[in-house]
Structure formats: structure tokens, C-alpha cells
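In our numbering, the protein residues as written are 7 to 220.
Glycine residues also receive a C-beta, built at the ideal position from the N, C-alpha and C atoms.
Remember, it's a predicted structure, so these values are computed and weren't measured experimentally.
What follows is a single structure, written as C-alpha cells, with notes after it.
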Ligand code: AP5
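Encoded structure:
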């Protein structure tokens with residue numbers, strides 16, 4: 007099963023992608039997580055990506071396309087994968103289609119987690135991310151067992167640099183301009199599944215699974 011997660015920043019793509027990855031035992035590939043790991047390890051890619059990310063801009067296509075295309079050719083992706091945060095522009099989507107076509111494959115579903123901008127602002131201010139393993143929580147909707155301590159690895163939690171209100175507004179603008187057109191792109195390919203992302207996390211998950219298994 008080859009799945010793409012679409013949706014505004016903070017819509018819940020990562021939350022659902024992790025749950026789907028566990029259920030179907032296929033890799034969860036988050037380009038945001040890949041960039042954050044590179045920033046943490048101070049790699050050349052991390053140094054190039056950081057300025058764009060902190061400003062709420064997209065990292066240029068040429069820094070992300072080859073990285074994803076190479077990743078989905080790895081053996082653990084033969085059974086399928088979940089792409090979270092990629093593609094984010096029409097050229098990225100076309101590059102992905104091209105790479106999959108060459109292997110006689112295609113995306114099965116583009117899952118669009120639909121949440122209005124007003125709800126996004128509230129979600130982002132309450133999101134906390136683990137500095138160790140990258141797991142994400144929400145102080146109200148998905149709290150940790152112990153305050154500010156990751157349930158998975160025990161490291162501390164932080165508010166992501168790009169989750170500050172001004173940067174979130176910029177990310178939403180960028181989303182509407184550059185990423186939202188992908189909804190039509192996948193609708194035309196008859197691969198779009200839109201789910202109301204304002205519902206409870208488990209309701210969203212069960213709705214997606216219900217369609218995938220129809
Ligand atoms: P990335 O990390 O992909 O950020 P994003 O798309 O902005 O998405 P988020 O991770 O912020 O949110 P999400 O939708 O995964 O929501 P989550 O599940 O955490 O990218 C960061 C940056 O990297 C980009 O801005 C860009 O610069 C760069 N980048 C990455 N990929 C790129 C690409 N392909 N091209 C160019 N640049 C790229 O949920 C959010 C919060 O809400 C959490 O606290 C969660 O617990 C809570 N929540 C989730 N679901 C619900 C629910 N149903 N109800 C209540 N709360 C919920």
C-alpha cells in the first residue's frame with residue numbers, strides 16, 4: 007500500500023501516518039523528520055534546510071526529491087510506504103509519479119487530513135515534540151503520561167521553533183499557495199481520500215482505515 011498524507015501544517019498527518027505505519031507494518035517517511043534529524047546532526051543538508059524551515063518556507067525541490075525517490079527504492083518499501091510531508095509542490099508530485107511509473111507502480115491513496123486554519127493555530131501552540139526520538143504530543147489532545155517527558159524514550163519535550171505563531175501563519179500561507187493544489191492533482195487521478203481532521207484522533211484513524219480496507 008502506497009500512501010501520501012496531505013494536509014495543512016499541524017493537520018495531523020504525522021499522527022495518522024505513525025498509526026497507519028504500525029497497523030500495516032510499512033515505513034513512515036516524514037521529510038520534516040528527515041530534515042530535523044539532519045539539522046540536529048549538523049549535516050550539509052541540515053545546514054541548507056534550516057533557514058527555510060525556520061522561516062516557514064519550503065525547502066527547495068532539488069534538496070528533497072532525490073532524497074525521497076532514493077528512499078522509496080529501498081527494500082523495506084517494497085511492500086508499501088507512507089509519505090508524510092512529500093510531495094508538497096506539483097513538481098515534487100510529478101517527480102514522484104515519474105519515479106513510480108518507471109517501476110510500473112503508482113500511489114494508491116492520497117489522504118487529505120482536512121482542518122481549517124483557525125484550528126491549526128491552536129493545535130500548533132499546544133504541540134510538543136521530543137528532542138530525542140521526534141515523537142509528537144499535544145498538551146490537551148494527546149498528552150504524555152508525565153508532563154514534558156516523552157512516553158517513548160524519556161527525553162524532554164519542546165515547542166518546535168517553527169511552531170511559533172508568526173511562523174505558523176507563514177507556513178499556512180505557503181501551504182495554501184504551493185501544496186493545496188495537490189488536492190486537485192490527486193482527485194483527478196481518482197486517488198484522493200479526504201477525511202475531517204477536526205474529529206478525535208482515533209475517529210480520524212478509523213475513518214481512514216475503513217476506506218483503505220473497503
Ligand atoms: P513537516 O515536519 O512536514 O511539517 P508540516 O507539514 O508543517 O506538518 P507538521 O509536522 O507540522 O504537522 P502534522 O500535520 O504532521 O501534524 P501532527 O500530527 O504533528 O515540515 C516542516 C518543514 O520542513 C516545512 O515547513 C518545510 O520547510 C520542510 N519540508 C518538509 N517536507 C518538505 C518538502 N517535501 N518540500 C519542501 N520542504 C519540506 O499534529 C499536530 C498537533 O495536533 C500535534 O500536537 C497532535 O498531537 C495534534 N493532533 C493531531 N491530530 C489531532 C486531532 N485529530 N485532534 C486534536 N489534536 C490532534
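Residues in the same chain with beta-carbon distance under 7 Å from residue i, minus the five sequence neighbours each way, listed in chain order, please.
| i | result |
| --- | --- |
| residue 34 | 23, 24, 27, 88, 90 |
| residue 63 | 180 |
State buried or exposed for residue i, treating a residue as buried only when at least 16 other CB atoms are found within 10 Å of its CB.
| i | result |
| --- | --- |
| residue 164 | exposed |
| residue 61 | exposed |
| residue 216 | exposed |
| residue 93 | buried |
| residue 151 | exposed |
| residue 7 | exposed |
| residue 104 | exposed |
| residue 14 | buried |
| residue 144 | buried |
| residue 57 | exposed |
| residue 171 | exposed |
| residue 19 | buried |
| residue 173 | buried |
Terminal residues of the continuous beta strand (DSSP E) containing residue i?
| i | result |
| --- | --- |
| residue 14 | First-last for residue 14: undefined, no H or E at that position. |
| residue 65 | Looking at the DSSP string, residue 65 is not in any beta strand (DSSP E), and its letter there is neither H nor E. |
| residue 87 | 87–90 |
| residue 148 | First-last for residue 148: undefined, no H or E at that position. |
| residue 23 | Counting along the chain, residue 23 falls outside any beta strand (DSSP E), though it belongs to the alpha helix (DSSP H) covering 19–30. |
| residue 35 | 34–36 |
| residue 177 | Residue 177 -> not in any beta strand (DSSP E); alpha helix (DSSP H) instead, spanning 171–180. |
| residue 116 | 115–120 |
| residue 82 | It is not in any beta strand (DSSP E) - residue 82 carries neither H nor E in the DSSP assignment. |
| residue 133 | 133–136 |
| residue 202 | 198–202 |
State the CB to CB distance for the pair residue i and residue j, rounded to an integer number of angstroms; the pair is presumed to be in contact (CB under 8 Å).
| i | j | result |
| --- | --- | --- |
| residue 207 | residue 118 | Between residue 118 and residue 207 the Cβ distance is about 16 Å, and since that is not below 8 Å, they are no contact. |
| residue 116 | residue 30 | Actually they do not touch by this definition, with Cβ atoms about 16 Å apart. |
| residue 109 | residue 71 | At roughly 16 Å, the Cβ-Cβ gap does not stay under 8 Å, so residue 109 and residue 71 are not in contact. |
| residue 155 | residue 146 | No, residue 155 and residue 146 are not in contact; Cβ-Cβ is about 17 Å, not under 8 Å. |
| residue 160 | residue 39 | Contact flag wrong, Cβ pair sits at about 19 Å. |
| residue 85 | residue 32 | 6 Å |
| residue 169 | residue 133 | 6 Å |
| residue 21 | residue 142 | 7 Å |
Excluding the 5 residues flanking residue i on each side, which residues of the same chain have their C-beta closer than 6 Å to its C-beta?
| i | result |
| --- | --- |
| residue 166 | 135 |
| residue 113 | 8, 10, 197 |
| residue 101 | 71 |
Leaving out five residues before and five after residue i in sequence, what residues of the same chain have Cβ atoms less than 8 Å from its Cβ?
| i | result |
| --- | --- |
| residue 54 | 65, 69 |
Which residue marks the beginning of the alpha helix (DSSP H) containing residue i, and which one marks its end?
| i | result |
| --- | --- |
| residue 213 | 207–218 |
| residue 109 | Neither: residue 109 is in no alpha helix (DSSP H) and is coded neither H nor E. |
Cβ of residue i within 8 Å of any heavy atom in the ligand ADP?
| i | result |
| --- | --- |
| residue 52 | No copy of the ligand ADP appears in this structure; the ligands present are the ligand AP5. |
Contact between the stretch 190–206 and the stretch 120–133: three or more CB pairs below 8 Å?
Because the criterion of three Cβ pairs below 8 Å is met, the stretch 190–206 and the stretch 120–133 touch.
Counting pairs of Cβ atoms below 8 Å between the stretch 71–85 and the stretch 179–192, do you hit three or more?
Contact between the stretch 71–85 and the stretch 179–192 is absent, because fewer than three Cβ pairs lie under 8 Å.
So, does the stretch 78–85 touch the stretch 163–180, judging by three or more C-beta pairs under 8 Å?
The answer is no - the stretch 163–180 does not touch the stretch 78–85, with fewer than three Cβ pairs under 8 Å.
Take every Cβ of the stretch 207–217, pair it with every Cβ of the stretch 124–143, and state whether three or more of those distances are shorter than 8 Å.
Cβ pair count under 8 Å is below three, so no.
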